[in-house]
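**Student:**
Protein chains in written order, with full-length UniProt numbering: chain A, 1 to 393; chain B, 1 to 393.
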């Protein structure tokens with residue numbers, strides 16, 4: 001059995017309650033959309049190779065570079081139809097050869113999924129598993145990296161299952177010092193838009209994210225950046241066994257054409273989703289302080305929430321806190337009765353999520369604070385949710 | 001170079017013209033949406049494992065069975081984030097082993113793409129290429145099938161590059177008579193919703209489509225059906241090299257959970273797209289005469305349009321006409337100056353497409369008539385387009 005099937009928590013018995021009154025969605029993705037992003041979704045259908053859509057997709061690709069802070073024009077932004085998970089396959093199919101040694105810094109469910117995926121492409125994975133709620137000590141990582149030649153190092157920027165934040169800058173520093181020839185792959189699904197990402201500066205080779213988290217767009221887009229050297233490897237790779245839809249040999253000229261304001265075809269892009277992503281990216285870049293300002297705002301909301309949960313309600317976070325290993329886009333909290341807490345919050349109009357880490361899934365809840373829920377003070381989502389949580393517990 | 005990059009037809013010089021006034025989108029997908037489908041896109045964000053979305057996804061999966069006319073509950077509907085092209089990979093990664101012999105009936109660009117994809121998964125492809133605008137003679141197919149054991153036969157229901165329609169029922173009859181152990185794969189991207197598909201009756205093993213054609217939903221969803229025996233093969237397959245996002249071992253329990261009204265997680269489904277697909281499927285099933293009535297309506301619109309193009313305007317179709325090898329969701333027509341025709345129609349408010357078949361790409365235009373453009377008489381899209389075409393030529 002793969003993946004997770006959830007208990008019949010929300011179904012049937014609360015169905016009627018649920019459909020009355022507006023609910024506030026605070027799961028760690030998909031997130032509540034801004035009105036402008038939501039409106040952009042229902043635009044009139046456009047031809048995927050016509051000027052209007054080409055111009056929109058061009059903006060999206062250009063702004064995706066800014067989102068990852070990648071200014072090397074030989075690096076390539078990738079925006080294709082798919083879930084965030086598809087990014088694992090983009091890395092595996094384009095950048096991994098059978099028998100490649102890959103070192104995975106595991107901080108939870110998503111690190112393990114990325115490892116599973118790369119194994120499917122033939123990688124020989126060595127996993128350093130962090131203590132629950134913490135990261136792998138840098139010294140352990142450095143010691144392991146010294147032992148042998150690793151084709152790639154994999155880190156999960158934020159593991160959405162635990163809320164653990166990895167320090168990608170320090171991980172990158174170790175890679176650069178010990179094994180600069182290794183690719184650095186970063187899963188930033190729950191990080192881009194709410195945590196700092198310096199794609200060029202940190203010499204990341206492949207960084208993947210998804211539309212429905214801190215970017216504040218609807219789910220359905222796999223969004224990623226690939227470095228020049230990784231792209232060159234992908235384009236030169238002889239045997240891309242099994243790769244078609246994720247092939248960068250196929251996508252790279254198409255994406256370059258769109259970014260150059262030309263229509264192109266390999267597979268039909270999801271035009272409405274890309275239109276709403278265009279609006280979401282513009283809203284991020286127009287934030288006071290730009291992308292840095294947006295990240296800072298997420299940090300402020302997160303710190304406010306976590307401090308109150310710990311100090312006022314004496315709750316314990318799954319990710320060590322206070323510390324620098326707690327993510328800023330979600331909070332994972334141990335509560336006495338997660339199932340009841342989720343249902344009680346639901347009755348008060350807040351949709352939150354249950355646990356996802358196999359060892360402790362039934363012991364904690366997860367609350368997302370990304371996009372407008374973290375950044376729009378008028379919505380007041382997090383203070384309201386804190387109050388509700390306080391009432392419930 | 002893979003795929004197609006289009007000349008700078010619509011860009012810049014007509015940009016200002018384009019954004020004024022409402023255009024009628026008549027490319028062979030994406031299609032104009034019904035107002036209800038369009039509104040469903042901008043629903044409030046939902047949790048992907050909450051009751052409201054689970055119930056929507058349950059409806060979609062149940063109705064997908066009806067769409068393909070598959071009533072064998074052991075067959076599996078598959079709806080995941082991706083372009084139609086992703087369906088090629090679902091077939092390749094789950095149903096093909098290296099060295100498998102695959103017989104492809106090629107009717108154009110899309111048959112060749114499907115063949116390319118399967119070769120990537122190790123298939124040894126034999127291609128029978130139809131004369132341009134026609135199908136492979138059944139006797140040729142039968143003769144080839146008799147020669148050796150083929151793991152799979154691949155047919156393109158409608159090749160969107162030429163508008164050629166394959167007779168899947170007859171192809172199936174040959175497979176059942178000569179080589180019933182062979183899988184039958186059908187690319188029905190431009191067929192489901194506007195051509196007859198009898199998934200169970202015709203013993204199709206894997207049939208793929210996409211959301212943005214005759215189903216009348218936005219692009220971004222890979223939609224397919226897999227037969228019981230093909231699914232059992234996929235679930236038992238030992239070495240799924242390179243497959244993660246398309247793995248049916250991973251998706252099958254998740255999709256079964258959703259269809260059973262339970263939330264489940266492997267990769268985040270595109271909730272808004274699935275909500276709009278839900279509405280689109282209901283509109284198809286609520287058509288007078290149901291799915292058959294919907295197919296008939298497409299045929300009537302198509303026949304009306306093609307007859308007038310041939311008889312009144314003396315134009316020649318790319319797909320042999322009159323005949324039973326012309327698709328009912330689009331019309332491919334040779335015109336003296338396709339580029340100018342496309343631009344002139346654009347000035348009159350109609351967005352159509354250029355050629356896509358490499359041998360004749362610059363000699364023809366393609367006009368889509370799917371979804372509301374074919375079925376909603378009040379919109380009058382096709383008669384209006386015919387009139388504009390008549391003025392232009």
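Here a beta-carbon is modelled for each residue, glycine too, at the ideal position from N, C-alpha and C.
Which residues in chain A sit within 7 Å of residue 41 of chain B, going by Cβ to Cβ distance?
**Tutor:** Residue numbering aside, residue 41 of chain B sits at position 41 when the second chain is read from its first letter. Neighbours of residue 41 of chain B on chain A, chain order: 41, 42, 272.
**Student:** Whose Cβ in chain B lies nearer than 7 Å to the Cβ of residue 86 of chain A?
**Tutor:** Position 86 of the first chain holds residue 86 of chain A. The answer, in chain order, is 245.
**Student:** Strictly under 7 Å for the Cβ-Cβ distance: is residue 148 of chain A near chain B by that measure?
**Tutor:** For the purposes of this step, residue 148 of chain A is identified with residue 148 of the first chain, where counting begins at 1. For residue 148 of chain A, the answer is no, since every Cβ of chain B falls outside 7 Å of its Cβ.
**Student:** Opposite residue 77 of chain B in the DSSP bridges: which residues?
**Tutor:** In the second chain, the residue the question calls residue 77 of chain B occupies position 77. For residue 77 of chain B, which the question treats as bridged, DSSP gives the partners B:225.
**Student:** Just verifying my parser: in three-state terms, what is the DSSP assignment at residue 116 of chain B?
**Tutor:** Residue 116 of chain B sits at position 116 when you count from the first residue of the second chain. Residue 116 of chain B: helix per DSSP, three-state reduction.
**Student:** In whole angstroms, what separates the C-alpha of residue 376 of chain A from that of residue 38 of chain A?
**Tutor:** Taking the first residue of the first chain as position 1, residue 376 of chain A is located at position 376. Taking the first residue of the first chain as position 1, residue 38 of chain A is located at position 38. Taking the straight line from one Cα to the other gives about 15 Å.
**Student:** Since residue 117 of chain A meets chain B, which of its residues come closer than 7 Å, beta carbon to beta carbon?
**Tutor:** Sequence index remark: in the first chain, residue 117 of chain A carries index 117 (1-based). Within 7 Å Cβ-Cβ: 244.
**Student:** Alpha carbon to alpha carbon, how far is residue 250 of chain B from residue 217 of chain B?
**Tutor:** For the purposes of this step, residue 250 of chain B is identified with residue 250 of the second chain, where counting begins at 1. For the purposes of this step, residue 217 of chain B is identified with residue 217 of the second chain, where counting begins at 1. About 26 Å.
**Student:** Between the alpha carbons of residue 291 of chain A and residue 200 of chain A, how many angstroms are there, rounded?
**Tutor:** The residue you call residue 291 of chain A lines up with position 291 of the first chain. The residue you call residue 200 of chain A lines up with position 200 of the first chain. Taking the straight line from one Cα to the other gives about 15 Å.
**Student:** Return the first residue and the last residue of the beta strand (DSSP E) that residue 127 of chain A is part of.
**Tutor:** For this step, residue 127 of chain A is matched to residue 127 along the first chain. Its beta strand (DSSP E) spans residues 124–129.
**Student:** Does residue 354 of chain B come out as helix, strand or coil in the three-state DSSP assignment?
**Tutor:** Reading the second chain from its first residue, position 354 is the one you call residue 354 of chain B. Of the three classes helix, strand and coil, the one that applies to residue 354 of chain B here is strand, per DSSP.
**Student:** Whole angstroms are fine: how far does the CA of residue 134 of chain A sit from the CA of residue 323 of chain A?
**Tutor:** The sequence position of residue 323 of chain A within the first chain is 323, counting from 1. The sequence position of residue 134 of chain A within the first chain is 134, counting from 1. The alpha-carbon atoms of residue 323 of chain A and residue 134 of chain A are separated by roughly 10 Å.
**Student:** Using beta-carbon positions only, say whether residue 233 of chain A and residue 206 of chain A come within less than 7 Å of one another.
**Tutor:** For this step, residue 233 of chain A is matched to residue 233 along the first chain. For this step, residue 206 of chain A is matched to residue 206 along the first chain. Against a cut-off of 7 Å, the Cβ pair of residue 206 of chain A and residue 233 of chain A comes out as no contact.
**Student:** Under 7 Å, do residue 270 of chain B and residue 271 of chain A count as touching if we go by C-beta distance?
**Tutor:** For this step, residue 270 of chain B is matched to residue 270 along the second chain. For this step, residue 271 of chain A is matched to residue 271 along the first chain. No, the Cβ-Cβ distance between residue 270 of chain B and residue 271 of chain A is not below 7 Å.
**Student:** Which residue comes first and which comes last in the alpha helix (DSSP H) that contains residue 257 of chain A?
**Tutor:** As a position in the first chain, residue 257 of chain A is number 257, starting the count at 1. Taken as a continuous stretch (DSSP letters only), the alpha helix (DSSP H) holding residue 257 of chain A covers 248–259.
**Student:** Beta-carbon within less than 7 Å of residue 285 of chain A's beta-carbon, same chain only, minus the 5 sequence neighbours each way: which residues are those?
**Tutor:** Along the first chain, read from residue 1 onward, the residue named residue 285 of chain A stands at position 285. Excluding residues within five positions, the ones whose Cβ falls inside 7 Å are 63, 66, 291.
**Student:** Given this structure, state the Cα-to-Cα distance separating residue 340 of chain B from residue 150 of chain B, to the nearest angstrom.
**Tutor:** Here residue 340 of chain B corresponds to residue number 340 of the second chain, with the count starting at 1. Here residue 150 of chain B corresponds to residue number 150 of the second chain, with the count starting at 1. Straight-line Cα distance between these residues: approximately 46 Å.
**Student:** Please list the partners that residue 293 of chain A has in chain B, where partner means a Cβ-to-Cβ separation under 8 Å.
**Tutor:** Working through the first chain from its first residue, we reach residue 293 of chain A at position 293. What residue 293 of chain A touches in chain B: nothing, since even the nearest Cβ is about 23 Å away.
**Student:** Taking the alpha-carbon positions, what's the residue 359 of chain A to residue 316 of chain A distance?
**Tutor:** The count along the first chain starts at 1 and reaches residue 359 of chain A at position 359. The count along the first chain starts at 1 and reaches residue 316 of chain A at position 316. C-alpha separation (whole angstroms): 16 Å.
**Student:** State the start and end residues of the unbroken alpha helix (DSSP H) segment that holds residue 311 of chain B.
**Tutor:** Here the question's residue 311 of chain B lines up with position 311 in the second chain. Note, residue 311 of chain B: alpha helix (DSSP H), 290–311.
**Student:** Please determine, among A:157, A:94, A:145, the residue with the shortest C-alpha to C-alpha distance to residue 191 of chain A.
**Tutor:** Looking up residue 191 of chain A in the first chain gives position 191. Nearest C-alpha to residue 191 of chain A: A:157.
**Student:** Secondary structure at residue 457 of chain A, three-state DSSP: helix, strand or coil?
**Tutor:** Chain A is shown only over 1 to 393; residue 457 of chain A falls outside these bounds and no answer can be derived.
**Student:** Enumerate in chain order the residues of its own chain whose CB-to-CB distance from residue 25 of chain A is below 6 Å, with the five nearest sequence positions on each side excluded.
**Tutor:** Here the question's residue 25 of chain A lines up with position 25 in the first chain. Only 32, 351 meet the Cβ criterion.
**Student:** With distances taken from CA atoms, which of B:173, B:166, B:308, B:226 is nearest residue 79 of chain B?
**Tutor:** Position 79 of the second chain, counted from the start, is the residue given in the question as residue 79 of chain B. Among B:173, B:166, B:308, B:226, the Cα nearest to that of residue 79 of chain B belongs to B:226.
**Student:** Taking the straight line between their C-alpha atoms, what separation do you get for residue 132 of chain B and residue 288 of chain B?
**Tutor:** As a first step, residue 132 of chain B must be located in the second chain, where it is residue number 132. As a first step, residue 288 of chain B must be located in the second chain, where it is residue number 288. Their Cα atoms are separated by approximately 36 Å.
**Student:** Let me know the secondary structure DSSP gives residue 378 of chain B once reduced to three states.
**Tutor:** Translated into positions along the second chain, residue 378 of chain B becomes position 378. In this structure, residue 378 of chain B counts as coil in the three-state DSSP scheme.
**Student:** Taking residue 93 of chain A as part of the beta strand (DSSP E), name the residues at either end of that continuous run.
**Tutor:** Against the first chain, residue 93 of chain A aligns to sequence position 93. Unbroken run through residue 93 of chain A is the alpha helix (DSSP H), 86–95; no beta strand (DSSP E).
**Student:** Quick check on residue 10 of chain B: buried or exposed, where buried means 16 or more other Cβ atoms within 10 Å of its Cβ?
**Tutor:** For the purposes of this step, residue 10 of chain B is identified with residue 10 of the second chain, where counting begins at 1. Note that residue 10 of chain B scores 41 on pLDDT, short of 50, meaning its location in the model is unreliable; the coordinates nonetheless yield the value given after this. Classified as buried, residue 10 of chain B has 16 or more neighbouring CB atoms from the shown chains inside 10 Å of its CB.
**Student:** Just checking my contact of residue 163 of chain A with residue 319 of chain A at CB under 8 Å: how many whole Å lie between their CB atoms?
**Tutor:** On the first chain, position 163 is the one that residue 163 of chain A refers to. On the first chain, position 319 is the one that residue 319 of chain A refers to. The pair is a contact, with the Cβ atoms about 4 Å apart (cut-off 8 Å).
**Student:** Taking only beta-carbon positions, decide if residue 83 of chain B is within less than 7 Å of chain A.
**Tutor:** Here residue 83 of chain B refers to the residue found at position 83 when the second chain is read from its first residue. Chain A contact via Cβ: present.
**Student:** If I measure Cβ to Cβ from residue 381 of chain B and keep anything under 6 Å in the same chain, skipping five residues before and after, which residues do I get?
**Tutor:** Stepping through the second chain from its first residue, residue 381 of chain B is reached at position 381. So the qualifying residues of the chain are 24, 373.
**Student:** Between the stretch 111–121 of chain B and the stretch 87–96 of chain B, are three or more C-beta pairs nearer than 8 Å?
**Tutor:** yes
**Student:** In three-state DSSP terms, what is residue 185 of chain B?
**Tutor:** To locate residue 185 of chain B, count along the second chain from 1; it is residue 185. Three-state DSSP puts residue 185 of chain B in a strand.
**Student:** Where in the stretch 132–161 of chain B do unbroken runs of the alpha helix (DSSP H), each at least 4 residues long, occur, reported from the N-terminal end onward?
**Tutor:** 138–147
**Student:** Whole angstroms is fine: what's the gap from residue 357 of chain B's alpha carbon to residue 109 of chain B's?
**Tutor:** Along the second chain, read from residue 1 onward, the residue named residue 357 of chain B stands at position 357. Along the second chain, read from residue 1 onward, the residue named residue 109 of chain B stands at position 109. Looking at the two C-alpha atoms, the distance is approximately 6 Å.
**Student:** Taking the alpha carbon of residue 298 of chain A as the reference point, which residue from A:203, A:262, A:326, A:224 has its own alpha carbon closest?
**Tutor:** Counted from its first residue, the first chain places residue 298 of chain A at position 298. Residue 298 of chain A has its Cα closest to that of A:326, out of A:203, A:262, A:326, A:224.
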